[in-house]
Amino acid sequence: MRQKKHWLLTLYGYLMLLLLLLPLVLVVVTSFGSQAAITFPIKGFTLKWYANILSQPDFVTGFKTSFAVAVTASFLAIVIGTPAVYALTRRGIHHANWFQTVFLSPTLIPEIVIGFALFQSLVIGIKLPLMPVLITGHFLLSVPYVIRMLTARLLLFDQTIEEASWLSGASKIKTFFRVVIPNISGTLLAIFIMCFINSFNNIPITLFLNGPSLTMLPTAILNYLQNNYDPTVSAVSVILMLLTGLMMWLMERMNGLTHVNEHLNQKGQK
Amino acid sequence: MRDRRISVALLLPSLVGIILFLIFPVVQLVLPVIFGVKSNETYFSFLKATYNQQIIFRTIGIAFVTTLGLLVLAFPFAFWIAHQRVKVRKLLSLVILFPMLTNAVVRNFAWILILGRNGLVNTLLMDLHIVNQPVRILYTNTAIVIGLIYLFFPVMVTMLIDSIVSLDQSIDEAAAMSGAGPLTRFFKITLPQLTTSLLTGSILVFAGAMTAYTTPQLLGGNSSLVLSTLLYQQSMTLGDWRAASIVALTLILIALASLSITKVITKRISGGNEV
Amino acid sequence: MQAMQVKHLSMSYEDGKKVLTDINFSVNAGELVSILGPSGCGKTTTLRIIAGLQRQTSGNVAIDEQSIDSVPVFKRNMSMVFQNYALFPHLSVFENVAFGLKQRGIGKTAIRKRVAEILSLTELTDLANHRPHALSGGQQQRVSLARALVVNPTLLLLDEPLSNLDRALRLSLREEIRRLQQKLGITALFVTHDQEESFAISDRVIVMNGGHIEQIASAQTVYAHPATTFVAKFIGFENFFNVTRQVNSDEYLSGEMHLYMAEKTTKPAVRLCIRPENIRFDTSMNTQQNSLNGIICDKTYLGRAYRYVVATDHLGQIKVDSEGATHQLGDAVRLTLPSDKLIALAE
C-alpha cells in the first residue's frame, strides 16, 4: 500500500517538474529555429535571432536603461533601508510593528496600482520627469526585500559582538562599519541581487512610467510581442534566463538563497 | 533624548520615502473616489454597468479557479519534495526558484508558444487528427488560468514545502504507534497541521491572481479583460482617470482584505506569528 | 583603594517593573569580586550598567571617585568577557585581540608585541591565525579573555564566562582567570549563578536576589554565616526552624523545642538553620542539648552520602546527610543538631 502510493507520488513529482521546465525549454528551442514564424517542430538551426536582438534599438537601450534603473534603485533601497532595519532590530523602537508595516506596505498595494498612483500624482500632478519617478517606483519595490531579508539576518547576528566592539573602544558608527557590515556583507549582496532581479523584471510599475524617450526592456519586449511573433523574443528570453541563472549562481555562492526562499514565501510574485 | 534622535534619524529616510512616494500618491488616488462629488453614485454606477460586472466576476472567477487548481496541483508536489533527502530537496528548491526569478514576460511567452493558434498544443491536436481547425485557447479565460497557475505554482510549492518539512515527525510516529494507518494519519494528523499554510498560501495566491497584470495582458489580451488590465486600459488607452481610480480602489480593497484575513488566520492558529 | 563604586543604583523598566533597588558596593583595586545570584536577580543588569551598555534609572557608577555616568560605553576603558564569547567572526584570533588596541590608536609594532605577549600568556600563540569558528568553546573563551586583558582595562567584567563550557574546562579556565587576574593586578567583577565557582575565584562575594543585595562578604563568611534566609538556602542550608521566641542570647524556642547556640548573639533572629551534613545520628539515647527523636521516612543515595528524611516529634521533617547506610525506612532514630553549626537568621 505504502509502496504503491510512493511510486505514484514519484511519478507525479517528475511529471510536474517536467511541466515546470518544459515551457522554458520550449522557449530555448524556438530561439534556434530558422523560420520567421514560430512553428513546431522547428526547422533548421540558426543564431540569427540572437543577432537580430542587437538590431532592435529598443532592446539594446532598454537593456541598458533597465540595468541602470535596477542598479540605482537597489542601491538606494539598501542605503536607505539598512539604517531603518538596524534601528528596528537594535534600538528598541516603540511601535516597531507599525514601522515594519509601513516599510512593507509596497507589498500590500498591488503593483499596478502603485504604477498608476505614481504616474498620476508625480508625473501628471507635479510634472516630475519620468526617470526619477521610475527609479522611485523601483525603489519602493526593493525596500521590502531589504527590510525582510536584513531583519532576518540581523536578528541572527549576536548583539553581544557589537557590545564587545563598543567595549573595545570602537564608537557605534565605527562598530557598524568595521564589525556589522563585514559580517552581513553576504546577505547585503544577496539582497542587492534580489532587488536587482525584481526591479529588472518589473512590468506593472514600469508600464506607467516609461515613454518614447525612456525604454525599459520588459515593456519593450511586451510591445514587440503585440506586433511580432518571431523567434527574436525567444532569443531575448534566453538571454534573460541566462541572466537569472547567473544571478542565482552568485547568490548561491553568497549562501543567500535560503533567505530568498523565506522572503518569497511571504510575498506572491506578480 | 539623544538616543531617540538617533533612532529617528535612522528611520526617517525610509519612512519619508514611503509616505511621500507611496502612501501619499495612493491616498491622493483613492480619496476623490471615496469623498469626491457624487462619489457613491459614480462608484455604484461603475459597479452596475454590465460590462464592468462581467470583468469583476471574471477576475474573481479566474482567481478562484487558479487558487483551487494550485491547491490540487502544488500540494502533492510539495509533499513529494519535502520527503526527499536534504540534498535533493535543496536542488529541487533551486529548480523551482529558477522560473520564479525569471521575467514574467518570458514565462508567459512560453505559454503563448504552447497555447497559440500555431502553438504546440494545436499542432499536436491537428497532427493526431483530433481537430481539423486550430482550437482557440489563447486569449481566453482558460489561458489566463493556466498562465497564473504556472506563475504561482513555485510560490505555493515553496510555502508548502517549508511547513511540511517543519512538521514534527514524532507526532506522526506516535499516531502510528497508536495504530493509525497511513491514510488515517495523513487525513487526521498531517493535513490538520497544514491547514494554516494551505489557507494563508491560498489567500496569498488568490490576492496575487486578482491583481496580476502581465499574465492576463499577454494571455487574455483585450478579449478577456480583468481588473488590472482594465485599469491600464482605462487610464492609458482611454484616458478615463475616474474609472481607472475606481478600479484601483477596488484592487487595493481586495489586497487589504486578503491581508487582514491572513493576519486573523495566522494569529488565531499560530498565536500571533507575523506573515 | 576603591577602584569602582556603585552608589544607590536603581533601575526599572518603563512599565514600572523594578529590576534593581538601591545597589551599593565597591571593588578595590586589584580585587576580584563576584556577584552571585539566581537568574533574574539583576546581576547581569548591574554589570551591564557598569559597562555602560544599559542605563540606570537612578544612582551612579564611579571610577576612582569620579562619576562615569556620562561617559559612553566605548570610552570607559573597561573590558567584558561574555557568556557566549562574542568574538568578531570575520577576524582572526590575532585581529580579535588587536582590535581594542587599534581603537586606541596604538602603533602597529607595539600592537604586535603586546598581542604576542597576551597570546603567549593565554597559550593561544599557535592559534593566532585561526578564525573563531575553527576553535573549541574553551579556546574561544580564552581568546575572549585575551581580548579583554590586552587593553589593560580599569575594570574587567565577566558575565557568566564559564556557563557554556563543560565541567572540566570550567574548572581549569576558572583557575586561569584567577591566575591572570592576580598576575596582571587587574580589578575584576565576575557574575555567576554557581556558588562553588564564585567561592573559588573571588576575594569577596556579593549575593543578589530580586534586584537587591543580600550579603557582601568573603566566601568563607558567606559559607559559614549566611546573612539571610535566601543566602542560606542558595548555598546549601536545607533545614530551617522558625523561632517562636528568643529565651536568651544563645537560646531560642522553636515550637516546643529549645535550641541552643554556641555563640551568643544580640541580633534578633526569626529563623535558625543547619546544613544536612552537619546533623548527627546519636547512638546513645541520652538526653543532650539540641537532641530530638524521629522516624526515618525517606532514604536516597546521593553518591557522596545517603540523604535521610527524618520525621521528628518537635521540628517537623529534617534532612540529614550521612555516609552510613545503616538506617532503614521506619527506624526510630535520635538526632543532634550541634550548637556550633546552627546559624541564626535575622530575615
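Chains as they are written, first to last, in our numbering: chain A, 1 to 270; chain B, 1001 to 1275; chain C, 2001 to 2347.
Quick reminder that beta carbons are idealized off the backbone N, C-alpha and C, glycines included.
The structure displayed is predicted, hence computed values, not measured ones.
Min CB distance residue i to chain B below 8 Å
| i | result |
| --- | --- |
| Met248 (chain A) | yes |
| Leu9 (chain A) | yes |
| Met16 (chain A) | yes |
| Thr65 (chain A) | no |
| Asn201 (chain A) | yes |
Closer than 8 Å to chain A by CB, residue i
| i | result |
| --- | --- |
| Gly1272 (chain B) | In this predicted model, Gly1272 (chain B) has a pLDDT of only 43, less than 50, meaning its place in the structure is not dependable; the value taken from the coordinates is given anyway. Cβ-Cβ to chain A under 8 Å: no for Gly1272 (chain B). |
| Ile1056 (chain B) | no |
| Gly1179 (chain B) | no |
| Gly2255 (chain C) | no |
| Pro1013 (chain B) | yes |
| Leu1073 (chain B) | yes |
| Phe1035 (chain B) | no |
| Gln2005 (chain C) | no |
| Ala1110 (chain B) | yes |
| Arg2104 (chain C) | yes |
| Leu2020 (chain C) | no |
| Val2151 (chain C) | yes |
| Thr1184 (chain B) | no |
| Phe1187 (chain B) | no |
Same chain only: Cβ atoms within 6 Å of residue i, ignoring 5 sequence neighbours per side
| i | result |
| --- | --- |
| Arg1117 (chain B) | Pro1134 |
| Leu2253 (chain C) | Thr2244, Arg2245, Val2247 |
| Asp58 (chain A) | Thr215, Ala220 |
| Gly268 (chain A) | Reliability of the predicted coordinates at Gly268 (chain A) is poor, the pLDDT of 40 falling under 50, and no value is obtained from them. |
| Leu128 (chain A) | Leu122 |
| Gln2005 (chain C) | Ser2026, Ala2062 |
| Ile205 (chain A) | Glu111, Ile114, Gly115, Gly137 |
Option in the options with minimal Cα separation from residue i
| i | options | result |
| --- | --- | --- |
| Leu2236 (chain C) | C:Phe2199, C:Leu2259, C:Glu2123, C:Arg2275 | With the sequence shown as reference, residue 2236 (chain C) is identified as Gly, and Leu is not the correct amino acid for it. Comparing Cα-Cα distances from Gly2236 (chain C) to each of C:Phe2199, C:Leu2259, C:Glu2123, C:Arg2275, the minimum goes to C:Arg2275. |
| Leu2302 (chain C) | C:Ala2232, C:Pro2132, C:Val2320 | C:Val2320 |
| Cys2297 (chain C) | C:Gln2289, C:Asn2278, C:Phe2281, C:Leu2329 | C:Leu2329 |
| Gly81 (chain A) | B:Val1247, B:Leu1199, B:Ala1009 | B:Ala1009 |
| Glu2123 (chain C) | C:His2133, C:Asn2152, C:Gly2138, C:Arg2112 | C:Gly2138 |
| Ser1223 (chain B) | B:Pro1192, B:Gly1017, B:Gln1054 | B:Gln1054 |
| Thr2266 (chain C) | C:Gln2289, C:Glu2196, C:Arg2280, C:Leu2345 | C:Leu2345 |
| Phe2025 (chain C) | C:Ile2050, C:Arg2170, C:Gly2105, C:Phe2234 | C:Ile2050 |
| Ile93 (chain A) | B:Leu1011, B:Gly1208, B:Leu1022, B:Leu1068 | B:Leu1011 |
Pair within 8 Å by beta-carbon distance, residue i and residue j
| i | j | result |
| --- | --- | --- |
| Ile203 (chain A) | Tyr1139 (chain B) | no |
| Leu207 (chain A) | Tyr1043 (chain B) | no |
| Pro1076 (chain B) | Tyr12 (chain A) | yes |
| Ala1143 (chain B) | Leu1219 (chain B) | yes |
| Ala2269 (chain C) | Val2243 (chain C) | yes |
| Phe2074 (chain C) | Phe2088 (chain C) | no |
| Ser2291 (chain C) | Thr2326 (chain C) | no |
| Met2208 (chain C) | Gly2042 (chain C) | yes |
| Thr2229 (chain C) | Phe2240 (chain C) | yes |
| Leu2155 (chain C) | Ala2003 (chain C) | yes |
| Thr1059 (chain B) | Val1226 (chain B) | yes |
| Ala2086 (chain C) | Thr160 (chain A) | yes |
| Val1967 (chain C) | Leu2119 (chain C) | Summary: the structure shown does not reach residue 1967 (chain C), with chain C confined to residues 2001 through 2347, and so no result is reported for it. |
| Ala1259 (chain B) | Leu108 (chain A) | The identity of residue 1259 (chain B) in the sequence shown is Leu, whereas the question assumes Ala. Their beta carbons are under 8 Å apart, which means Leu1259 (chain B) touches Leu108 (chain A) by this criterion. |
| Met1156 (chain B) | Val1205 (chain B) | yes |
| Asp2159 (chain C) | Leu2053 (chain C) | no |
| Ile1096 (chain B) | Thr1158 (chain B) | yes |
| Ser2092 (chain C) | His2133 (chain C) | no |
Closer than 8 Å to chain C by CB, residue i
| i | result |
| --- | --- |
| Ala170 (chain A) | yes |
| Ile161 (chain A) | yes |
Same chain only: Cβ atoms within 7 Å of residue i, ignoring 5 sequence neighbours per side
| i | result |
| --- | --- |
| Thr2057 (chain C) | Ser2010, Met2011, Ser2012 |
| Tyr1150 (chain B) | Arg1107, Trp1111 |
| Gln2289 (chain C) | Tyr2260, Ser2339 |
field: Cβ contact check for the region 165 to 177 of chain A and the region 93 to 104 of chain A: 3 or more pairs under 8 Å
entry: no
- request: Could you tell me whether the region 1252 to 1265 of chain B touches the region 1083 to 1094 of chain B, using the rule of 3 or more Cβ pairs below 8 Å?
  value: The region 1252 to 1265 of chain B and the region 1083 to 1094 of chain B do not touch, with fewer than 3 CB-CB distances between them shorter than 8 Å.
message: Counting beta carbon pairs with one atom in the region 227 to 240 of chain A and one in the region 145 to 165 of chain A, are three or more of them shorter than 8 Å?
response: no
Segment contact, 8 Å Cβ cut-off, at least three pairs: the region 141 to 155 of chain A with the region 190 to 201 of chain A: When Cβ pairs closer than 8 Å are counted between the two stretches, the region 141 to 155 of chain A is seen to touch the region 190 to 201 of chain A, the count reaching three or more.
- request: Count the CB pairs spanning the region 122 to 138 of chain A and the region 65 to 85 of chain A that are closer than 8 Å, and state whether there are at least three.
  value: The region 122 to 138 of chain A is in contact with the region 65 to 85 of chain A.
message: Would the region 1236 to 1251 of chain B count as touching the region 1154 to 1171 of chain B if we require 3 or more Cβ pairs under 8 Å?
response: no
query: Are the region 2029 to 2046 of chain C and the region 2197 to 2211 of chain C touching by the rule of at least three beta carbon pairs closer than 8 Å?
result: yes
- prompt: Is the region 224 to 236 of chain A touching the region 25 to 39 of chain A, taking contact as three or more C-beta pairs under 8 Å?
  reply: yes
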